[in-house]
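Working notes, structure below.
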Amino acid sequence: MGDELFVIEESVGYLVNRLARAFARDLSGRLAVHEVSVGQWAVLIFLWARDGQSQGELSRGVAIEDATMVRTIDRMERDGLVRRERNASDRRRINVFLTDRGRSLHTSLVPCAVASNEAATRTFTDAEKRQLGGLLRRMIGSLEGAPPAHEKGGDRVRTENIE
1 MGDELFVIEE SVGYLVNRLA RAFARDLSGR LAVHEVSVGQ WAVLIFLWAR DGQSQGELSR
61 GVAIEDATMV RTIDRMERDG LVRRERNASD RRRINVFLTD RGRSLHTSLV PCAVASNEAA
121 TRTFTDAEKR QLGGLLRRMI GSLEGAPPAH EKGGDRVRTE NIE
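Each residue of the sequence shown is one higher than the one before, counting from 1 in UniProt numbering.
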């Protein structure tokens, strides 16, 4: 095992990392018109699904460190996308809520993400897209110690009901 040649271009980790960077570049270009960063987009998705989450819940959902989330929310608050409120039942907890501006961006930003996904998978069949999604969820589950999404129902963030 120790004498196997490691070829970076064949490494799944390298390929997934490179894909994530390519996605971020593509999406960043699409979101720039709306003056929203990829990091802010990720937070907006979770708030569109369930407004008023705590900073900790958002950190876990977006899969970033708490300190990074605080800085992201600071910028979003400065840009008028969200507001913070102390939780009435637990004064230690801060909840994050969308502003009217943050809520209104849904109809403009979701098509940006859809277009980015479509650009990346334009040569895939629907079956291949589903298969890839399943494989990626299994890999995430393996590394995060969770059961594969197909066994637990998967984490889905839906935002269709935003007004």
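For every residue, glycine included, the Cβ atom is placed at its ideal position computed from N, Cα and C.
Item                                                                                           : Value
Buried versus exposed, by CB contacts within 10 Å (16 or more), R30                            : buried
At least three beta-carbon pairs within less than 8 Å, the stretch 96-110 to the stretch 31-41 : yes
Beta-carbon proximity check, L81 vs L105, cutoff 9 Å                                           : yes
CA-to-CA distance, N95 to R50, given in whole angstroms                                        : 11 Å
N95 - DSSP class collapsed to helix/strand/coil                                                : strand
E10 - DSSP class collapsed to helix/strand/coil                                                : helix
As assigned by DSSP and simplified to three states, the class of S54                           : strand
Alpha-carbon spacing of E69 relative to A127, whole angstroms                                  : Sequence check: residue 69 is Met here, not Glu. Cα-Cα distance, rounded: 35 Å.
Which of helix, strand or coil DSSP assigns to E77                                             : helix
For R86, the residue or residues it bridges with in DSSP                                       : I94
Buried or exposed (CB count within 10 angstroms, at least 16 for buried), S59                  : buried
Rounded straight-line distance, which links the Cα of F46 to that of G61                       : 7 Å
Residues near G133 by beta carbon distance below 7 Å, same chain, minus five either side       : none
C-beta contact flag for D66 and G52 at 9 Å                                                     : no
From G102, A115, A119, R91, residue whose alpha carbon lies closest to that of R75             : G102
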